Amino acid sequence: MGWLDRVDDQVDALTHARALQEASRSAESYTLLERVIRTTTDPAARADAMVQRLSALINLGRTAEFTRAIEEASAAVRDLAEPYLHGHLNALAALAAHHQGALDRCVTHLVKAARALGAVEDPDRDTAWGWHDLAMAYSYLSFHGYALGAIERARQLGLTAGIPEETFAAPGIRLRNAVALDHNGDSDGCLRVLRDVAADLARFMHAGRAGRLRPSSLAAYGYAAARQAALGDRVESGGDGDPSRLLSHGGDSARARDMRQLGQVCLAVAAGRPIEAVTRLDSIRVSTETLGSAEPARLRSIALARAGDHVAAHRADRLAFRLAAQRNDRLRDVYIDGIAARIDHEEMRREAARFEGEALTDPLTGLPNRRRLERYITAVVTRGERVVIGVCDLDGFKAVNTRHGHHSGDLVLQRVAGVINRVMRRGDFVARYGGDEFVVVLPDTGMTEAAEVARRIEAAVRAEDWESLVPGTPVGVSIGFAEVSGGRGLRDALSVAFEEADREMLRAKSRPRAS
Numbered sequence: 001m002g003w004l005d006r007v008d009d010q011v012d013a014l015t016h017a018r019a020l021q022e023a024s025r026s027a028e029s030y031t032l033l034e035r036v037i038r039t040t041t042d043p044a045a046r047a048d049a050m051v052q053r054l055s056a057l058i059n060l061g062r063t064a065e066f067t068r069a070i071e072e073a074s075a076a077v078r079d080l081a082e083p084y085l086h087g088h089l090n091a092l093a094a095l096a097a098h099h100q101g102a103l104d105r106c107v108t109h110l111v112k113a114a115r116a117l118g119a120v121e122d123p124d125r126d127t128a129w130g131w132h133d134l135a136m137a138y139s140y141l142s143f144h145g146y147a148l149g150a151i152e153r154a155r156q157l158g159l160t161a162g163i164p165e166e167t168f169a170a171p172g173i174r175l176r177n178a179v180a181l182d183h184n185g186d187s188d189g190c191l192r193v194l195r196d197v198a199a200d201l202a203r204f205m206h207a208g209r210a211g212r213l214r215p216s217s218l219a220a221y222g223y224a225a226a227r228q229a230a231l232g233d234r235v236e237s238g239g240d241g242d243p244s245r246l247l248s249h250g251g252d253s254a255r256a257r258d259m260r261q262l263g264q265v266c267l268a269v270a271a272g273r274p275i276e277a278v279t280r281l282d283s284i285r286v287s288t289e290t291l292g293s294a295e296p297a298r299l300r301s302i303a304l305a306r307a308g309d310h311v312a313a314h315r316a317d318r319l320a321f322r323l324a325a326q327r328n329d330r331l332r333d334v335y336i337d338g339i340a341a342r343i344d345h346e347e348m349r350r351e352a353a354r355f356e357g358e359a360l361t362d363p364l365t366g367l368p369n370r371r372r373l374e375r376y377i378t379a380v381v382t383r384g385e386r387v388v389i390g391v392c393d394l395d396g397f398k399a400v401n402t403r404h405g406h407h408s409g410d411l412v413l414q415r416v417a418g419v420i421n422r423v424m425r426r427g428d429f430v431a432r433y434g435g436d437e438f439v440v441v442l443p444d445t446g447m448t449e450a451a452e453v454a455r456r457i458e459a460a461v462r463a464e465d466w467e468s469l470v471p472g473t474p475v476g477v478s479i480g481f482a483e484v485s486g487g488r489g490l491r492d493a494l495s496v497a498f499e500e501a502d503r504e505m506l507r508a509k510s511r512p513r514a515s
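The opening residue of the sequence shown carries number 1 in the UniProt record's numbering; numbering runs sequentially from there.
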């Protein structure tokens, strides 16, 4: 027996409201659900309508109404001993909290939703949709592994309940995974995921099942294709898989509107009109939650690079990386400092410990990561010590990935980390900042000494036997140093120092090298 079998009033209206939302007609669904709420006397029907109304509001992007809707739905659900209803409400509340920027509440709701949905004894199609919405919330928080696990659970439950496979294909979840890779410097990984998404759409179209895809899914497929084209891949044009045609779908979904606007930017880049793409970016407003706050900056970087303005492109790319890193740091802080302290559950404590380790160490090189780096610099500057930071960017690394693949690229990064560590002085600090960029921190040091450190690093990297590791693709390093000034706010001082070190590193890249 499924959940709606236990509802005694207006089941047809509630079922129709679900169908409207699946068809991206959330405004109509909202009106119908409001009528059910006003007229029903059945507590179960009222609770279901309020949970579904929250879903409609999220789809419509009516953020100002989220808090009241959550409070009313929570009051209606509280006395009903139905795990599905509690699970679905918490999954939706997590989405709402995320769009409101309340990440601590968001993660709390995620934990509660997973527990409640996992406790459903007789899962049905509604439970499948609960897992789907939980997967979406995980995805927006960049918990991509959890998102893929939840959507697979939704797909399996859906198949059992007679829901077609393509309904839970979830291109939006994999799309967010792809752009997150790109924001963190892994464009090749991004393209691999986007190509997989395109292959799924081609499979559905070849089997004649594309008509069953939800409008919001079609919009996500459209953006995935447009993003793929912006990164240089050839994509289908003129047929049913044309990105422009796919982007026109999505009904009244706020997320689909955002993807439509950003998709036009991608298509302008792909068509060789990068200045138009930049102009579009200057004129549109999209939610930072749809594809991450870093996406507009990353698209600007791609467009500027195509226009030949490589300095501005690098600056935009650095901004995209920093926005993505700030988001990850904030999420980990919420998870570690907030949730682990409030939820007395052994499994959650183990998860918190695992995330804490990941939060401070780069898993590939074993070096401290950006978060630990900033803690270290903060501590040194707070003690009043003089400190110089250096940005080290690899030369030739893109060619390594292109010719030899990412496994070889990873080996190069690991060896460079070892080389830099080997030539540093006692008390110096080395971190991997992300991608092929490393940062060194020299406490109690001036710029003259920093120049000598740079010379040693450059010589050591040049002396490595790259030919035996990655034949035909020599690897070098460009380094820029800057002193952190303690005369202003610490955060501003660090930002200014990083920008100056970046500029010095770019100047180093442009200077001719000794052979």
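A virtual CB, placed ideally from N, CA and C, is assigned to each residue, including glycine.
Note that the coordinates shown come from a computational prediction; the quantities given were computed from them, not determined experimentally.
By the Cβ rule, the region 270-278 does not count as touching the region 248-257, because fewer than three pairs are nearer than 8 Å. Collapsing the DSSP output to three states places leucine 231 in coil. In terms of Cα proximity to arginine 192, the closest of Arg174, Arg209 and Ala297 is Arg174. Threonine 361 sits in a strand when the DSSP states are folded into three classes. Listed in chain order, the alpha helix (DSSP H) runs fully inside the region 239-293 are 243-247, 254-270, 274-283 and 288-291, counting runs of at least 4 residues.
Three or more beta-carbon pairs separated by less than 8 Å link the region 40-53 to the region 70-83, which places the two stretches in contact. The beta carbon of glutamine 414 lies closer than 6 Å to those of Thr365 in the same chain, with the five residues before and after it left out. Straight-line spacing of the CA atoms in arginine 105 and glutamate 449 works out to 48 Å. Contact check for alanine 225 against leucine 201 passes: the beta carbons are separated by less than 9 Å. Around the beta-carbon of glycine 427, fewer than 16 other beta-carbon atoms lie within 10 Å, marking it exposed. When only Cα atoms are considered, serine 495 and glutamate 504 end up about 14 Å apart.
Excluding sequence positions up to five before and after histidine 109, its CB lies within less than 8 Å of the CB of Asn90, Ala91, Ala93, Ala94, Ala97 and Ala137, all in the same chain and listed in chain order. In this structure, valine 475 lies near glycine 396, with their beta-carbon atoms less than 9 Å apart. Ranking Gly101, Gln261, Ala114 and Arg68 by CA distance to the CA of histidine 88 puts Ala114 first. Within the same chain, and ignoring the five residues on either side of alanine 270 in sequence, the residues whose Cβ sits closer than 6 Å to its Cβ are Ala229 and Ala230.
About 6 Å separates the beta carbons of arginine 432 and asparagine 369, which is inside the 8 Å limit, making them a contact pair. Note: serine 478 is bridge-paired with Asp393 in the DSSP secondary-structure output. In this structure aspartate 436 is buried. Its beta-carbon is surrounded by 16 or more other beta-carbon atoms within 10 angstroms. Here the region 383-397 makes contact with the region 443-461; the two share three or more CB pairs at distances below 8 Å. Under the three-pair Cβ rule at 8 Å, the region 207-218 counts as touching the region 164-171. Nearest to valine 391 by alpha-carbon distance, out of Leu281, Ala451, Asp5 and Leu117, is Ala451. Annotation: glycine 434 to serine 216 spans about 33 Å, alpha carbon to alpha carbon.
Going by C-alpha positions, arginine 507 is about 53 Å away from glycine 130. Apart from the 5 residues on each side of it in sequence, glutamine 100 sits with its Cβ closer than 7 Å to the Cβ of Thr63 and Phe66 in its chain, given in chain order.
If you compare the alpha carbons of Glu499, Val400 and Asp465 with that of isoleucine 389, the shortest gap goes to Glu499.
According to DSSP, arginine 195 shares a beta bridge with no other residue.
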